[in-house]
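Structure first, commentary second.
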Amino acid sequence: MAMQGPIPVEFGFVFPHGAFVRGQVEPVRDFDKSTKDNQVQARDKESGERVWQVEVIDADPNAKGSVKVKLFGEHQPVPPAPSGGFPFAAVEFDGLTVTPYVDSKTDRLAYSFRAKAIRDPKGAAKAAPSAGKAAA
Numbered sequence: 034m035a036m037q038g039p040i041p042v043e044f045g046f047v048f049p050h051g052a053f054v055r056g057q058v059e060p061v062r063d064f065d066k067s068t069k070d071n072q073v074q075a076r077d078k079e080s081g082e083r084v085w086q087v088e089v090i091d092a093d094p095n096a097k098g099s100v101k102v103k104l105f106g107e108h109q110p111v112p113p114a115p116s117g118g119f120p121f122a123a124v125e126f127d128g129l130t131v132t133p134y135v136d137s138k139t140d141r142l143a144y145s146f147r148a149k150a151i152r153d154p155k156g157a158a159k160a161a162p163s164a165g166k167a168a169a
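Per this note's numbering, residue 34 is the first one in the sequence shown, and the count goes up by one each step.
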């Protein structure tokens, strides 16, 4: 098969109704290197950059639950602030990729999302200063 690894997708294809950040961008834990007393942040296998993640709510009224999108860079990406009195901030992702996989707990198809940058839908990207590739 010619296509391997993450599949580049347009933000509007994945989130045609938009998306909202729920919570903060957080470091992803490296479960192999971390111990109970020493938490180690995961690094991207290709670029070596730190891995961050943010919970995203799909604005599609038929969507169920939320998804997590992983971001990369030495510094924590900053999502836009909520506006208009809403508790969640509207966002878009640049360099979005999706990787389908079979969830071993449910034996169902699932998707892993990665992006190069997070931004306000009307504004400039807010990537970590050294944001790298979205490929894994």
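Glycine residues also receive a C-beta, built at the ideal position from the N, C-alpha and C atoms.
Check: Alpha carbon of Arg147 to alpha carbon of Asp65, nearest angstrom; Outcome: 21 Å
Check: Phe44 in three-state terms, based on DSSP; Outcome: helix
Check: Among Phe105, Glu59, Phe126, nearest to Phe48 - alpha-carbon criterion; Outcome: Phe126
Check: Contact under 8 Å by Cβ, Ala123 with Gly45; Outcome: no
Check: Residues near Arg141 by beta carbon distance below 8 Å, same chain, minus five either side; Outcome: Val135
Check: Ile151 burial status per 10 Å Cβ neighbour count (16 or more: buried); Outcome: buried
Check: Neighbourhood of Pro41 by C-beta, 6 Å cutoff - its chain only, sequence neighbours within 5 removed; Outcome: Thr130
Check: Residue interval of the beta strand (DSSP E) (run including Lys101); Outcome: 99-105
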